[in-house]
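Numbering (the numbering used here), first residue to last: 482 to 814. Have a look at the structure below before the remarks.
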Amino acid sequence: MREPSFLLEAGSRSIKTETTYRSGLRLFADWLQHFNKEGYSLDETWPLLPDRLTTAVILNFRNWLLANRSRSTVTTYISAVVGYLNFLDGQDQLPAKVQLGKLQRQLSRRQVERSQSESVIDLDHARQAIPQIVTYYNELPLPPQNDKYNRRLSLLRDRALVTVLYSTAARISEVVALNRQNVDNGRATYAIITGKGNKPRTIHIRDYAQKAIRDYLRERTDSNRALFVAHSRNAQSARLSITSAHNIVKKAVHALHLHPNISAHDFRHYRATQLLREGMPLEVVQEFLGHSDISTTRNIYAPVLGVHIVSEWLDNVDLSPADAANQENKAED
482 MREPSFLLEA GSRSIKTETT YRSGLRLFAD WLQHFNKEGY SLDETWPLLP DRLTTAVILN
542 FRNWLLANRS RSTVTTYISA VVGYLNFLDG QDQLPAKVQL GKLQRQLSRR QVERSQSESV
602 IDLDHARQAI PQIVTYYNEL PLPPQNDKYN RRLSLLRDRA LVTVLYSTAA RISEVVALNR
662 QNVDNGRATY AIITGKGNKP RTIHIRDYAQ KAIRDYLRER TDSNRALFVA HSRNAQSARL
722 SITSAHNIVK KAVHALHLHP NISAHDFRHY RATQLLREGM PLEVVQEFLG HSDISTTRNI
782 YAPVLGVHIV SEWLDNVDLS PADAANQENK AED
């Protein structure tokens, strides 16, 4: 049973690290079962079979993550997998078909290639479609009540989830951790949550998000305190997982043919740039996002805002060569 030992070692750094690494490794195991079939066993409590892992399999998992998760999540989850392999290496149990040095070089090279091929500006352009995800779910026809497959409840939940993501610009982990009490069953205008680094912060729930929450909770009959729960037969009323929440966003991304790298985290980026463009001061956006240091907010959004501000000024004051020449001629007259 090697996985718990590795997680105990990770947990010695922080509980958050242990939780994140566990999520990353569990997602890796789920991916192996669904896409690869190798290196996975339903008969084991910890389903990863490390002796069947290869360098190519891990690189394929990273490619899948790049298409389905935010860049920060990709980095964290791949760190969990590589950390697990390093742990096995230290125990002289590294799989024979995993070349750790080669794997780390290829992961680093692909990160550089991705950074060069997809600029901040390109991503900002793709994120302008984020509101369409909310519209997509709001415009889907609502199934009838007493649906034995819970499709009605699932759609109401999905509407509420993407609307809360939009309203709050919160991280997906923060949203799925919300309880009914946090939002006063859809009547609260804000909620106090525990954010990144275990720091308390406030998220703001606008009226359109409050309504979506009330519409969803009104039809819930379970007693689960979680705001968002699963409605499948296999996980009835369990708290919605981060992976399932990501998949709700991805479903709309695929249906709308949006940029394939758009993820739940892009709601956060979209809202920040939207509010900055509308004139919200940087320090207010910092508070809205829950950044402890304003330089974090500035460094992330300065490239996009710089382009926007310069373009706006050029639209107002720039002269074409012909207009500039005419202006010069008039001055001479």
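By construction, the Cβ of each residue, glycine as well, lies at the ideal position given by its N, Cα and C atoms.
Of the choices the options, whose alpha-carbon is the least far from that of residue i?
| i | options | result |
| --- | --- | --- |
| Leu-604 | Ser-713, Ala-510, Tyr-751 and Arg-507 | Tyr-751 |
| Ile-781 | Asp-804, Arg-749, Ala-803 and Asp-796 | Arg-749 |
| Asn-705 | Ile-729, His-740 and Leu-659 | Leu-659 |
| Tyr-617 | Tyr-630, Gln-755, Ser-713 and Thr-644 | Thr-644 |
| Arg-687 | Ser-718, Ser-648, Asn-663 and Gly-676 | Ser-648 |
| Arg-552 | Pro-802, Ser-744, Arg-758 and Glu-759 | Ser-744 |
| Arg-640 | His-685, Arg-632, Ala-650 and Asn-619 | Asn-619 |
| Thr-754 | Phe-769, Thr-675 and Leu-623 | Phe-769 |
| Gln-574 | Ile-653, Val-734, Pro-531 and Leu-763 | Pro-531 |
| Ile-653 | Ile-729, Glu-764 and Asp-665 | Ile-729 |
| Arg-758 | Thr-675, Ala-783 and Tyr-565 | Ala-783 |
| His-685 | Ala-537, Gln-585 and Asp-665 | Asp-665 |
When DSSP labels each residue in this structure, what does residue i get in the three-state scheme?
| i | result |
| --- | --- |
| Asn-660 | strand |
| Val-579 | coil |
| Asn-797 | helix |
| His-738 | coil |
| Arg-701 | coil |
| Tyr-671 | strand |
| Arg-632 | helix |
| Ala-707 | strand |
| Thr-501 | helix |
| Arg-695 | helix |
| His-685 | strand |
| Arg-749 | helix |
| Arg-652 | coil |
Report back the beta-carbon spacing between residue i and residue j to the nearest angstrom; my notes put them in contact at under 8 Å.
| i | j | result |
| --- | --- | --- |
| Asn-549 | Lys-680 | Actually they are not in contact, since the Cβ atoms of Asn-549 and Lys-680 sit about 28 Å apart, beyond 8 Å. |
| Thr-683 | Ile-673 | 6 Å |
| Leu-569 | Ile-559 | About 16 Å; that fails the 8 Å criterion. |
| Leu-513 | Thr-724 | Not really, about 14 Å apart at Cβ, beyond 8 Å. |
| Leu-581 | Val-657 | Rounded, the Cβ-Cβ distance is 33 Å, inconsistent with contact. |
| Leu-534 | Pro-576 | 5 Å |
Here's the rule: buried if 16 or more other CB atoms are within 10 angstroms of the residue's CB, otherwise exposed. What is residue i?
| i | result |
| --- | --- |
| Tyr-502 | buried |
| His-738 | exposed |
| Tyr-697 | buried |
| Arg-668 | exposed |
| Glu-700 | exposed |
| Ala-805 | exposed |
With a CB to CB cut of under 6 Å and the five nearest residues on each side skipped, what residues in its chain are close to residue i?
| i | result |
| --- | --- |
| Ile-614 | Val-643 and Ala-733 |
| Ala-561 | Tyr-502, Gly-505 and Leu-506 |
For residue i, I'd like the list of residues in its chain whose CB is within less than 8 Å of its CB, leaving aside the five on either flank, ordered along the chain.
| i | result |
| --- | --- |
| Ala-610 | Leu-737, Leu-739, His-740 and Ile-743 |
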